[in-house]
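Written out below as C-alpha coordinates is the structure these notes cover.
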Amino acid sequence: MKKTILVIEDERSTRTNLLKCLEADGFNPIGAENGFIGIELAKKHRPDLIICDILMPELDGYDVLTKLQQEEITAAIPFIFLTAKADIAGLRKSMEMGADDYLSKPVTRVELLSVITSQLQKQKAARFKCSTESIQDLEESILKIRKLQEFIETKDELLNSLCEGLPPLITNINTAIRELKEATIQTKRDHYLEFIQKEFAS
1 MKKTILVIED ERSTRTNLLK CLEADGFNPI GAENGFIGIE LAKKHRPDLI ICDILMPELD
61 GYDVLTKLQQ EEITAAIPFI FLTAKADIAG LRKSMEMGAD DYLSKPVTRV ELLSVITSQL
121 QKQKAARFKC STESIQDLEE SILKIRKLQE FIETKDELLN SLCEGLPPLI TNINTAIREL
181 KEATIQTKRD HYLEFIQKEF AS
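FYI, in UniProt numbering the residues of the sequence shown are 1 to 202.
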(Lines of atoms letter the chains of each structure in order from A and count residues from 1; the text may use other names and numbers.)
(Lines give C-alpha, C1' and ligand atoms only; values in the text may rest on other atoms or scores of the structure.)
Protein backbone atom coordinates (compact mmCIF):
# COMPACT_ATOMS: atom_id res chain seq x y z
CA MET A 1 0.00 0.00 0.00
CA LYS A 2 1.35 3.42 -0.98
CA LYS A 3 2.39 5.76 1.79
CA THR A 4 0.62 9.12 1.77
CA ILE A 5 2.86 12.19 1.99
CA LEU A 6 1.39 15.65 2.57
CA VAL A 7 3.41 18.57 1.18
CA ILE A 8 2.52 22.01 2.57
CA GLU A 9 4.32 24.61 0.44
CA ASP A 10 3.16 28.05 -0.73
CA GLU A 11 5.60 28.22 -3.69
CA ARG A 12 3.83 26.48 -6.56
CA SER A 13 6.96 25.41 -8.45
CA THR A 14 8.58 23.89 -5.37
CA ARG A 15 5.35 22.16 -4.36
CA THR A 16 4.83 20.76 -7.88
CA ASN A 17 8.38 19.43 -8.11
CA LEU A 18 8.12 17.72 -4.74
CA LEU A 19 4.79 16.12 -5.61
CA LYS A 20 6.12 14.82 -8.95
CA CYS A 21 9.22 13.43 -7.29
CA LEU A 22 7.21 11.65 -4.61
CA GLU A 23 4.75 10.21 -7.10
CA ALA A 24 7.60 8.93 -9.29
CA ASP A 25 9.03 7.10 -6.29
CA GLY A 26 5.82 5.28 -5.47
CA PHE A 27 4.24 7.53 -2.87
CA ASN A 28 0.74 8.96 -2.77
CA PRO A 29 1.46 12.72 -2.58
CA ILE A 30 -1.02 15.42 -1.53
CA GLY A 31 -0.31 19.12 -1.94
CA ALA A 32 -1.48 22.14 0.07
CA GLU A 33 -0.71 25.75 -0.90
CA ASN A 34 -0.94 27.15 2.64
CA GLY A 35 -0.98 26.16 6.29
CA PHE A 36 -4.75 26.33 6.75
CA ILE A 37 -5.43 23.94 3.87
CA GLY A 38 -2.57 21.74 5.03
CA ILE A 39 -4.10 21.32 8.48
CA GLU A 40 -7.49 20.39 7.01
CA LEU A 41 -5.92 17.87 4.61
CA ALA A 42 -3.89 16.37 7.46
CA LYS A 43 -7.05 15.80 9.50
CA LYS A 44 -8.92 14.41 6.51
CA HIS A 45 -6.30 12.07 5.04
CA ARG A 46 -4.10 11.36 8.07
CA PRO A 47 -0.93 11.09 5.98
CA ASP A 48 2.00 8.89 6.92
CA LEU A 49 4.33 11.90 6.83
CA ILE A 50 4.13 15.69 6.45
CA ILE A 51 6.63 17.98 4.73
CA CYS A 52 5.97 21.63 5.54
CA ASP A 53 7.63 24.89 4.55
CA ILE A 54 8.45 27.19 7.44
CA LEU A 55 8.19 30.62 5.80
CA MET A 56 4.58 30.93 4.64
CA PRO A 57 2.17 33.89 4.87
CA GLU A 58 -0.61 34.04 7.49
CA LEU A 59 0.18 30.65 9.04
CA ASP A 60 3.83 29.61 9.03
CA GLY A 61 5.27 26.14 9.48
CA TYR A 62 5.77 26.54 13.22
CA ASP A 63 2.08 27.39 13.68
CA VAL A 64 1.06 24.44 11.52
CA LEU A 65 3.15 22.05 13.62
CA THR A 66 1.75 23.48 16.86
CA LYS A 67 -1.85 23.09 15.72
CA LEU A 68 -1.31 19.55 14.44
CA GLN A 69 0.33 18.54 17.72
CA GLN A 70 -2.81 19.70 19.53
CA GLU A 71 -4.98 17.29 17.52
CA GLU A 72 -5.01 13.68 18.67
CA ILE A 73 -5.40 12.30 15.14
CA THR A 74 -2.39 14.21 13.76
CA ALA A 75 -0.07 14.62 16.76
CA ALA A 76 1.99 11.49 16.03
CA ILE A 77 2.47 12.04 12.28
CA PRO A 78 6.18 12.49 11.41
CA PHE A 79 6.78 16.16 10.55
CA ILE A 80 9.63 17.49 8.40
CA PHE A 81 10.35 21.19 8.06
CA LEU A 82 11.35 22.61 4.67
CA THR A 83 12.95 26.02 4.32
CA ALA A 84 15.44 28.07 2.33
CA LYS A 85 16.82 29.51 5.54
CA ALA A 86 19.26 26.88 6.75
CA ASP A 87 20.57 28.16 10.06
CA ILE A 88 21.45 26.61 13.40
CA ALA A 89 18.88 28.67 15.30
CA GLY A 90 16.10 27.57 12.95
CA LEU A 91 17.19 23.94 13.19
CA ARG A 92 17.28 24.09 16.98
CA LYS A 93 13.85 25.71 17.17
CA SER A 94 12.40 23.08 14.84
CA MET A 95 13.71 20.22 16.96
CA GLU A 96 12.61 21.86 20.21
CA MET A 97 9.08 22.20 18.84
CA GLY A 98 8.94 18.50 18.06
CA ALA A 99 9.76 18.34 14.36
CA ASP A 100 11.27 15.02 13.29
CA ASP A 101 13.70 16.38 10.69
CA TYR A 102 14.74 19.41 8.67
CA LEU A 103 15.40 19.91 4.93
CA SER A 104 16.97 22.93 3.26
CA LYS A 105 15.99 24.17 -0.18
CA PRO A 106 16.80 23.29 -2.83
CA VAL A 107 16.16 19.67 -1.88
CA THR A 108 17.70 16.91 -3.95
CA ARG A 109 15.80 13.74 -4.70
CA VAL A 110 18.32 11.67 -2.74
CA GLU A 111 18.02 13.89 0.35
CA LEU A 112 14.23 13.87 0.17
CA LEU A 113 13.93 10.10 -0.13
CA SER A 114 16.57 9.50 2.53
CA VAL A 115 14.75 11.62 5.11
CA ILE A 116 11.33 10.17 4.24
CA THR A 117 12.58 6.58 4.37
CA SER A 118 14.29 7.17 7.71
CA GLN A 119 11.18 8.67 9.30
CA LEU A 120 8.85 5.98 7.96
CA GLN A 121 11.16 3.29 9.35
CA LYS A 122 11.15 5.00 12.76
CA GLN A 123 7.37 5.20 12.62
CA LYS A 124 7.12 1.50 11.79
CA ALA A 125 9.49 0.59 14.63
CA ALA A 126 7.47 2.71 17.08
CA ARG A 127 4.23 1.04 16.02
CA PHE A 128 5.81 -2.40 16.34
CA LYS A 129 7.05 -1.54 19.83
CA CYS A 130 3.61 -0.27 20.81
CA SER A 131 2.00 -3.43 19.42
CA THR A 132 4.49 -5.64 21.27
CA GLU A 133 3.87 -3.79 24.54
CA SER A 134 0.12 -4.14 24.05
CA ILE A 135 0.48 -7.89 23.55
CA GLN A 136 2.64 -8.16 26.67
CA ASP A 137 0.09 -6.19 28.68
CA LEU A 138 -2.66 -8.49 27.41
CA GLU A 139 -0.68 -11.60 28.34
CA GLU A 140 -0.04 -10.22 31.83
CA SER A 141 -3.75 -9.48 32.24
CA ILE A 142 -4.65 -13.02 31.15
CA LEU A 143 -2.14 -14.44 33.64
CA LYS A 144 -3.63 -12.36 36.46
CA ILE A 145 -7.14 -13.53 35.52
CA ARG A 146 -6.02 -17.17 35.55
CA LYS A 147 -4.42 -16.75 38.98
CA LEU A 148 -7.61 -15.14 40.24
CA GLN A 149 -9.67 -18.03 38.85
CA GLU A 150 -7.36 -20.53 40.57
CA PHE A 151 -7.70 -18.62 43.84
CA ILE A 152 -11.50 -18.60 43.54
CA GLU A 153 -11.55 -22.35 42.77
CA THR A 154 -9.29 -23.07 45.76
CA LYS A 155 -11.46 -20.90 48.00
CA ASP A 156 -14.61 -22.69 46.79
CA GLU A 157 -13.05 -26.09 47.47
CA LEU A 158 -12.06 -24.96 50.95
CA LEU A 159 -15.56 -23.65 51.67
CA ASN A 160 -17.15 -26.84 50.35
CA SER A 161 -14.87 -28.93 52.52
CA LEU A 162 -15.66 -26.76 55.52
CA CYS A 163 -19.40 -26.96 54.88
CA GLU A 164 -19.24 -30.73 54.56
CA GLY A 165 -17.51 -30.99 57.92
CA LEU A 166 -19.82 -28.63 59.80
CA PRO A 167 -22.95 -30.84 60.21
CA PRO A 168 -21.12 -33.73 61.95
CA LEU A 169 -19.21 -31.25 64.09
CA ILE A 170 -22.40 -29.47 65.16
CA THR A 171 -24.10 -32.78 65.87
CA ASN A 172 -21.19 -33.97 68.03
CA ILE A 173 -21.09 -30.69 69.96
CA ASN A 174 -24.86 -30.68 70.52
CA THR A 175 -24.67 -34.24 71.78
CA ALA A 176 -21.82 -33.38 74.14
CA ILE A 177 -23.69 -30.33 75.46
CA ARG A 178 -26.81 -32.39 76.10
CA GLU A 179 -24.80 -35.07 77.88
CA LEU A 180 -23.01 -32.35 79.83
CA LYS A 181 -26.32 -30.96 81.08
CA GLU A 182 -27.51 -34.40 82.08
CA ALA A 183 -24.24 -35.49 83.69
CA THR A 184 -24.29 -35.54 87.49
CA ILE A 185 -20.79 -36.77 88.14
CA GLN A 186 -17.99 -34.21 87.88
CA THR A 187 -15.71 -36.60 85.99
CA LYS A 188 -18.31 -36.98 83.24
CA ARG A 189 -18.74 -33.20 83.06
CA ASP A 190 -14.98 -32.80 82.69
CA HIS A 191 -14.97 -35.44 79.96
CA TYR A 192 -17.66 -33.70 77.89
CA LEU A 193 -16.06 -30.30 78.37
CA GLU A 194 -12.77 -31.70 77.14
CA PHE A 195 -14.54 -33.26 74.15
CA ILE A 196 -16.18 -29.95 73.22
CA GLN A 197 -12.86 -28.13 73.49
CA LYS A 198 -11.21 -30.67 71.18
CA GLU A 199 -14.00 -30.35 68.63
CA PHE A 200 -13.61 -26.57 68.50
CA ALA A 201 -9.84 -26.87 68.35
CA SER A 202 -10.03 -29.19 65.37
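A virtual CB, placed ideally from N, CA and C, is assigned to each residue, including glycine.
Residues of its chain near residue i, where Cβ-Cβ distance is below 7 Å and the 5 sequence neighbours each way are ignored
i	result
D63	G35
K43	E71, I73 and T74
E23	P29
Residue i (DSSP reduced to helix, strand or coil)
i	result
T117	helix
K147	helix
K122	helix
K155	helix
6 Å CB neighbourhood of residue i in its chain, flanking five on each side removed
i	result
L59	G35 and F36
A75	Q69
K105	A84
Cβ-heavy atom distance, residue i to the ligand COA, below 8 Å
i	result
F79	The ligand COA is not part of this structure, which contains no ligands at all.
Next item on the list: Could I get the ranges of all uninterrupted alpha helix (DSSP H) runs contained in the UniProt domain "Response regulatory" (4-120), with 4 residues as the minimum, in chain order?
Entry: 12-24, 35-45, 61-69 and 88-97
Check: With a cut-off of 8 Å, do at least 3 Cβ pairs link the segment 91-101 to the segment 71-81?
Finding: yes
Margin query: With a threshold of 8 Å, are at least 3 pairs of Cβ atoms found where one atom belongs to the segment 5-14 and the other to the segment 30-49?
Written below: yes
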